[in-house]
Each structure stands twice: as C-alpha cells, then as structure tokens.
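K.L.:
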Amino acid sequence: AQSVTQLDSQVPVFEEAPVELRCNYSSSVSVYLFWYVQYPNQGLQLLLKYLSGSTLVKSINGFEAEFNKSQTSFHLRKPSVHISDTAEYFCAVSKHGSSNTGKLIFGQGTTLQVKP
Amino acid sequence: DAGVIQSPRHEVTEMGQEVTLRCKPISGHNSLFWYRQTMMRGLELLIYFNNNVPIDDSGMPEDRFSAKMPNASFSTLKIQPSEPRDSAVYFCASSRDGGYGYTFGSGTRLTVV
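These protein sequence lines map, in sequence, to chains B and X.
The first sequence begins at 7 in the numbering used here and counts up by one.
The second sequence begins at 2 in the numbering used here and counts up by one.
1. For the stretch 35-59 of chain X, enumerate the residues whose C-beta is nearer than 7 Å to any C-beta of chain D, in chain order.
2. Taking the alpha-carbon positions, what's the B:THR11 to X:PHE34 distance?
3. What three-state label does DSSP hand X:ILE27 in the structure shown?
4. Compare the C-alpha of B:SER86 against each of B:VAL17, B:PRO24, B:GLN8 and name the closest.
5. What is the residue span of the beta strand (DSSP E) that B:PHE40 lies within?
6. Buried or exposed: B:LYS84, going by 16 or more other Cβ atoms within 10 Å of its Cβ?
7. Taking the beta carbon of X:THR109 as the centre, do at least 16 other beta carbons fall within 10 Å, making it buried, or is it exposed?
8. For B:HIS88 and B:ARG28, which I take to be in contact (beta-carbon distance under 8 Å), what is that distance rounded to the nearest angstrom?
9. Which two residues bound the contiguous beta strand (DSSP E) that contains B:GLU72?
10. With a threshold of 6 Å on Cβ separation, who are the neighbours of B:GLY68 within its own chain once the five nearest residues in sequence on each side are excluded?
11. How would you label B:PRO18, buried or exposed, when you count the other beta carbons within 10 angstroms and need 16 or more for buried?
12. I want to verify the contact list: residues of chain X whose CB lies under 8 Å from the CB of B:PHE73, in sequence order.
13. When you check each C-beta in the stretch 83-97 of chain B against every C-beta of chain X, which residues fall closer than 8 Å?
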C-alpha cells in the first residue's frame with residue numbers, strides 16, 4: 007500500500023520569499039506523483055505531476071518539484087511567492103502502470119499563507 | 002472539454018431530508034471518485050467506481066450513504082436521512098486508467114440544519 011506524508015500543516019511566508027512544501031511517500035511499487043492546489047472555496051486543481059523521465063517537473067506558474075527516489079520525496083518549491091499563491095497544497099501518489107484504476111492517495115495538505 | 006460537472010453547487014437542507022448529489026465525469030474517463038472534505042477530517046475518499054462498477058466503498062461512513070453509477074456519464078451520491086454532521090464539501094473526480102491523476106469537479110457544499 008502507498009502512503010503520503012506532508013510534513014508541515016501550515017507554512018507562513020512573506021511575499022517574494024522562497025518556499026518549500028515537503029512531501030514524502032512510501033510504496034513497495036513504482037509510483038506516479040502529483041501536487042494539487044486548492045484555492046479558497048474551489049476544487050482541487052492539478053499543479054504538476056511526475057510520471058517518468060526528468061525528475062524535475064515544473065508548473066506554468068513557477069512551481070517545481072523534484073522526484074527523489076532514494077529519499078522517497080517529492081518536495082514542491084517556488085523561488086519567489088506571490089500573495090495569490092495562498093492556498094492549500096496536496097501531495098498525492100498513485101501506483102505505476104496500466105492496471106491501476108487511477109486511485110490517488112492524498113497527503114493531509116499544507117496551507118501556504120503568503121503575507122505582504 | 003467541460004471538465005467534471007457537479008450539481009448542485011450549494012445545498013441547504015433540513016435534518017432528516019434526502020439529499021442527492023450529482024456528477025458528470027469527463028468523457029473517456031473510466032474511473033470516478035467521490036470525496037468529502039471537512040476542516041476536521043480533511044479529504045476523505047468515500048467510494049470509487051471503475052467502468053461503472055463500485056470498487057471500494059469502505060470510506061462510506063454509514064448506511065445512510067449510497068452511490069450509484071448507472072452509466073459512464075453519470076453518478077449520484079445520496080444521503081438519506083441527512084444529519085448535521087454530514088455538512089461538508091463533496092467532490093467528484095474522474096480519471097482514466099493508468100494512474101495519470103484526477104480531474105476534480107468544483108464540489109457541492111452541503112449544509113444540513
């Protein structure tokens with residue numbers, strides 16, 4: 007079985023500062039990894055994903071995450087945050103392979119609070 | 002692509018009433034998931050379907066909850082009778098096989114008074 011741990015429940019940061027949201031997973035099989043973002047009063051949106059290939063993946067709004075197999079981590083980073091990045095961020099994992107029905111295991115979420 | 006469509010967006014009902022939440026997945030997606038989100042418990046998987054068949058309903062809290070997927074383009078989550086502790090945001094999500102990630106709907110905010 008897979009599991010996901012997001013190590014910080016809340017991360018306060020000042021605008022334009024860098025941020026890292028931590029995610030560790032455990033799995034006995036190969037996995038796909040995802041970060042979702044939920045803005046206030048909205049549904050979850052896919053931010054970025056790692057399926058295969060380059061271990062560094064990037065989103066269109068400046069976030070990036072690096073898959074580290076040896077450390078079983080998939081931390082999310084942004085070099086300079088904006089007020090508009092204030093949201094809850096969820097890390098998720100699914101089993102690798104076509105036999106997977108698509109079920110995702112989510113972490114508990116990290117609230118990123120960007121202060122002016 | 003219209004995305005995953007949920008209705009209604011908001012529902013306020015009295016305790017004891019029946020509530021039906023609806024979801025239309027993305028065309029071509031063959032897995033559908035119902036989640037509940039609350040401040041206390043976070044995001045909870047209630048049930049999921051693959052090719053219209055319920056695969057895992059272990060997250061359904063009680064017999065008051067039931068879900069159906071009569072065809073590939075429609076699913077319902079029903080609560081009968083509803084209770085105040087059922088108040089939450091209910092999300093539907095769909096995906097295709099292979100574990101490539103979900104697309105979520107905008108959710109239904111349910112308030113039971």
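Where a beta carbon is used, it is the ideal one built from N, C-alpha and C, also for glycine.
Nothing here was measured: the structure is a model prediction, and the numbers come from that model.
P.N.:
Answer, in terms of the structure:
1. You won't find chain D in this structure, because its protein chains are B and X.
2. Residue mapping note: residue 11 of chain B aligns to position 5 of the first sequence, counting from 1. Residue mapping note: residue 34 of chain X aligns to position 33 of the second sequence, counting from 1. Those two C-alpha atoms are separated by around 21 Å.
3. One-based indexing of the second sequence puts residue 27 of chain X at position 26. Of the three classes helix, strand and coil, the one that applies to X:ILE27 here is coil, per DSSP.
4. If you number the first sequence from 1, residue 86 of chain B lands on position 80. Of B:VAL17, B:PRO24, B:GLN8, the residue nearest in Cα terms is B:PRO24.
5. Here residue 40 of chain B is taken as the residue at index 34 of the first sequence, counted from 1. Start and end: 37-44.
6. Locating residue 84 of chain B in the first sequence gives position 78, counting from the first residue. With 16 or more other Cβ atoms from the protein chains shown falling within 10 Å of its own Cβ, B:LYS84 counts as buried.
7. Walking along the second sequence from the start, residue 109 of chain X turns up at place 108. Buried, because 16 or more other Cβ atoms sit within 10 Å of the Cβ of X:THR109.
8. Residue numbering aside, residue 88 of chain B sits at position 82 when the first sequence is read from its first letter. Residue numbering aside, residue 28 of chain B sits at position 22 when the first sequence is read from its first letter. Beta-carbon to beta-carbon, B:HIS88 and B:ARG28 are separated by about 20 Å, too far to satisfy the 8 Å threshold.
9. Position 66 of the first sequence, counting from 1, holds the residue named residue 72 of chain B. Element bounds for B:GLU72: 70-74.
10. Residue 68 of chain B sits at position 62 when you count from the first residue of the first sequence. Closer than 6 Å at Cβ, skipping near neighbours: LYS84.
11. Here residue 18 of chain B refers to the residue found at position 12 of the first sequence. Counting Cβ neighbours within 10 Å, B:PRO18 comes out exposed, since fewer than 16 surround it.
12. Position 67 of the first sequence, counted from the first residue, corresponds to residue 73 of chain B. Near B:PHE73 there are no residues of chain X at all, since even the closest Cβ is about 15 Å away, more than 8 Å.
13. PHE96
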